[in-house]
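Notes follow the structure.
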Amino acid sequence: TMPGGRPKRRAAKAALLYLQELAEELTSAYQAPPCNETTKETPRTEEPIRKRRGRKPKEQKLENEEDVDFEPSEESFLQEEEEEEHYDLVMNEATKSERESSSCKPVRSKAQRREFGSNGLYNSMMGPIWKCLSITHRLREQHHSHWEFPEWIPSAQKWIFLSESEADKFLPAETKSPLFSIKREGLQESSSVFYRINRFNALQPHDDRLDMTFFVGGPVWALEWCPTPEGSVASQYVAIYCNPSTNVQHSLSQIHTGPALLQLWELGPIQEDKGSVTKPGLAYAIATDHGCIWDMKFCPSGAWELPITQRKLPHMSRLGLLAVAFSSGKVLLYSLPHVEDLNAYRRTQVTGGPSPRHVICKVQYVAALQVGSIQAGNSSECGQCFSLAWMPTKPHEHLAAGFYDGTVALWNLLTKSLLQRVRQPDGSLKLYPFHCFLAHDHAVSNIQWCKANSNFMVTTGNDRKIKFWDLRRLHEPINSIKRYLSTEIAWLLPYSGITVAQDSCYASYGLGGIHYLD
1 TMPGGRPKRR AAKAALLYLQ ELAEELTSAY QAPPCNETTK ETPRTEEPIR KRRGRKPKEQ
61 KLENEEDVDF EPSEESFLQE EEEEEHYDLV MNEATKSERE SSSCKPVRSK AQRREFGSNG
121 LYNSMMGPIW KCLSITHRLR EQHHSHWEFP EWIPSAQKWI FLSESEADKF LPAETKSPLF
181 SIKREGLQES SSVFYRINRF NALQPHDDRL DMTFFVGGPV WALEWCPTPE GSVASQYVAI
241 YCNPSTNVQH SLSQIHTGPA LLQLWELGPI QEDKGSVTKP GLAYAIATDH GCIWDMKFCP
301 SGAWELPITQ RKLPHMSRLG LLAVAFSSGK VLLYSLPHVE DLNAYRRTQV TGGPSPRHVI
361 CKVQYVAALQ VGSIQAGNSS ECGQCFSLAW MPTKPHEHLA AGFYDGTVAL WNLLTKSLLQ
421 RVRQPDGSLK LYPFHCFLAH DHAVSNIQWC KANSNFMVTT GNDRKIKFWD LRRLHEPINS
481 IKRYLSTEIA WLLPYSGITV AQDSCYASYG LGGIHYLD
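Just so it is clear: in the sequence shown, position 18 is 18 by the UniProt record's numbering, and no numbers are missing.
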């Protein structure tokens, strides 16, 4: 017998019965038997219980007869058999009633547990997203502002409209997109349907999934949503830069300049359940000569105002403040106007003859952020600028940038210091950083502020290191982790860690993609 007092055979039968029940539960999870309460089960005649013959103990020859404590008799074996048969009968009746009651319960199949939402994603995937939405809403109520940087208002006098011949050198080389097909999760669609979109054109939003597809003219290198206040029903905008050609290669070690086109696309009012009923379109574009764009960031809050805001000419209502990192090593700030005001000003300037199909302008930036100082200001000192990060909490006065030589520079946009703020003859500002530190041994690829506390920052570089910094003590990082080449990072709100997108050609299946670090 076992220490609990139950014979070994009875314990083995109980374990076997448990395994049978477990197997039935697993099979019912995939094939739920139909439950019909109206039909009556046919009574089954129970077979009479047969008593098994008792086994006679085999005589064992022991080498040492003194070790024998007792010899079980035949009556004890018969009594044990009767107890086991009675126990089995009771257990069979109990499990039978449990199986009958559980068979009538609705069993959710695997497909039901992983139902698709209206957007084509699994409901289990959308759970953390809805949680982050509520937390983000509370953060914006506490740390976002309604109005910042009132001196940087877009002026119509700074905007020069280009003709089609003048804008031709700034346009992407590809006039039509490659052939492509669209496969939406959970929808039965024909894979033989192919699309081709002309440059600066778009497909109509999908009726069910509400997704949008448009062609900007080349490989997308930088993209940033324009933030709007909570509850706003105004149109949504996204700033995009694409490489002019698919065959152009850029040197990372040296700064370079050249024509580039910064595009601003209007996506219409996007609602949570209805999406946007309007087709995306190019609102306007900015032509520059500062080289390719590696990164751009909008001011998180306080830079957007209503399109119906009335301002005296030459001022226009402001859509947002956009910081752009160029391959020339400069970081430029643009004050973008609303499309309605810019088009109204355009009608007063373009007279006679047909107007260009797309609005392409040259504009004077409001501020240029440059490394160095007044006595030693040289944009090529640190190389190209690859990453930007705007301070996430109001008043958003700090802006960080990462450069090719591993330097991270911090600017104070509201500074009044004569050593950091210089007024240019054209009316723009030149700002110098209040702090610089060497963060990596190679180019700084990403920068992110901590949304909960702006004293902390995380950076990644081409030296394959991820470093956490306390801006109050920059003599060494808080933590340094060497992993694969990091392509993107995000500091999450509800969790004390970051997500990292990594590029590793040696990673085995399932180990690539996005990782979480705390």
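The C-beta atom is built at its ideal place from N, Cα and C for all residues, glycine as well.
Bear in mind that the values here come from a model prediction, so they are computed numbers and not experimental data.
N-terminal and C-terminal residue of the alpha helix (DSSP H) that residue i is part of
i: residue 422; result: Run containing residue 422: none in the alpha helix (DSSP H); it sits in the beta strand (DSSP E), 421 to 423.
i: residue 348; result: 339 to 349
i: residue 189; result: Unbroken run through residue 189: none, as it is neither H nor E.
i: residue 165; result: 164 to 167
Contacts around residue i, its chain only, beta-carbon distance under 6 Å, and the 5 residues preceding and following it disregarded
i: residue 490; result: 499
i: residue 474; result: 437
i: residue 404; result: 383, 384, 443
i: residue 388; result: 295, 297, 323, 325, 401
i: residue 44; result: Confidence at residue 44 is low in this model, with a pLDDT of 45, below 50, so the placement of that residue is unreliable and no value is reported for it.
i: residue 409; result: 371, 401, 433, 436
i: residue 236; result: 267, 270
i: residue 213; result: 203
i: residue 422; result: 430
Distance between beta carbons of residue j and residue i, contact taken as under 8 Å
i: residue 484; j: residue 454; result: Actually they do not touch by this definition, with Cβ atoms about 28 Å apart.
i: residue 191; j: residue 183; result: 7 Å
i: residue 480; j: residue 461; result: So it is not a contact: roughly 11 Å between Cβ atoms.
i: residue 321; j: residue 152; result: 6 Å
i: residue 370; j: residue 279; result: Not confirmed; about 40 Å, so no contact.
i: residue 374; j: residue 284; result: The pair is not a contact, with the Cβ atoms about 35 Å apart (cut-off 8 Å).
i: residue 206; j: residue 282; result: About 20 Å; that fails the 8 Å criterion.
i: residue 215; j: residue 198; result: 7 Å
i: residue 194; j: residue 217; result: Actually they do not touch by this definition, with Cβ atoms about 19 Å apart.
i: residue 174; j: residue 395; result: In fact, because the Cβ distance is near 41 Å, the residues do not count as touching under 8 Å.
Identity of the residue in the options nearest residue i by Cα
i: residue 495; options: 460, 293, 450; result: 450
i: residue 177; options: 283, 130, 219, 442; result: 219
i: residue 367; options: 335, 374, 386; result: 335
i: residue 393; options: 310, 299, 472; result: 299
i: residue 430; options: 419, 440, 277; result: 419
i: residue 452; options: 127, 140, 387; result: 140
i: residue 351; options: 161, 408, 129, 23; result: 161
i: residue 123; options: 389, 186, 216, 181; result: 186
i: residue 441; options: 407, 471, 456; result: 407
i: residue 330; options: 381, 354, 125, 357; result: 381
i: residue 360; options: 478, 126, 212, 261; result: 261
i: residue 448; options: 476, 488, 472; result: 488
i: residue 399; options: 133, 457, 277, 166; result: 457
Cβ shell of residue i (< 7 Å), same chain only, five flanking positions each side left out
i: residue 146; result: 302
i: residue 397; result: 391, 412, 413, 414
i: residue 94; result: Low local confidence applies: a pLDDT of 48 at residue 94 is under 50, so the model's placement there is unreliable, and no value is given.
i: residue 426; result: 364
i: residue 327; result: 250, 255, 256, 291, 292, 294, 384
i: residue 19; result: none
i: residue 307; result: 234, 317, 338, 340
i: residue 150; result: none
i: residue 164; result: 356
i: residue 128; result: none
beta-carbon residue i near the ligand ADP non-hydrogen atom, thresh 7 Å
i: residue 351; result: The model on display carries no ligand, and the ligand ADP is accordingly not part of it.
Boundaries (first-last residue) of the beta strand (DSSP E) holding residue i
i: residue 131; result: Looking at the DSSP string, residue 131 is not in any beta strand (DSSP E); the run it does join, the alpha helix (DSSP H), is 123 to 143.
i: residue 445; result: 444 to 449
i: residue 266; result: 260 to 268
i: residue 390; result: 385 to 390
i: residue 282; result: 281 to 288
i: residue 519; result: As displayed, the chain neither begins before 1 nor continues past 518, which places residue 519 out of reach and without an answer.
i: residue 401; result: 398 to 403
i: residue 370; result: From DSSP, residue 370 is part of no beta strand (DSSP E); its letter is neither H nor E.
i: residue 409; result: 407 to 412
i: residue 361; result: 360 to 363
Residues of its chain near residue i, where Cβ-Cβ distance is below 8 Å and the 5 sequence neighbours each way are ignored
i: residue 136; result: 493
i: residue 506; result: none
i: residue 464; result: 482, 483, 484, 485, 486
i: residue 112; result: Residue placement at residue 112 is poorly supported in this model, since its pLDDT is 46, which falls under 50; the coordinates still yield a value, given next. Taken in chain order, the list of residues that qualify is empty.
i: residue 513; result: 501, 502
i: residue 259; result: 169, 170, 244, 287, 288, 289
Interface flag, residue i vs chain B, CB-CB below 8 Å
i: residue 516; result: Annotation note: the requested chain B is absent from the structure, which comprises a single protein chain.
**Q.** the stretch 290 to 297 in contact with the stretch 230 to 243 per 3-pair CB rule at 8 Å
**A.** yes
Q) Counting pairs of Cβ atoms below 8 Å between the stretch 150 to 157 and the stretch 215 to 231, do you hit three or more? A) no
Q: Would you check if the stretch 337 to 351 and the stretch 300 to 319 touch, i.e. whether three or more CB-CB distances between them fall below 8 Å?
A: yes
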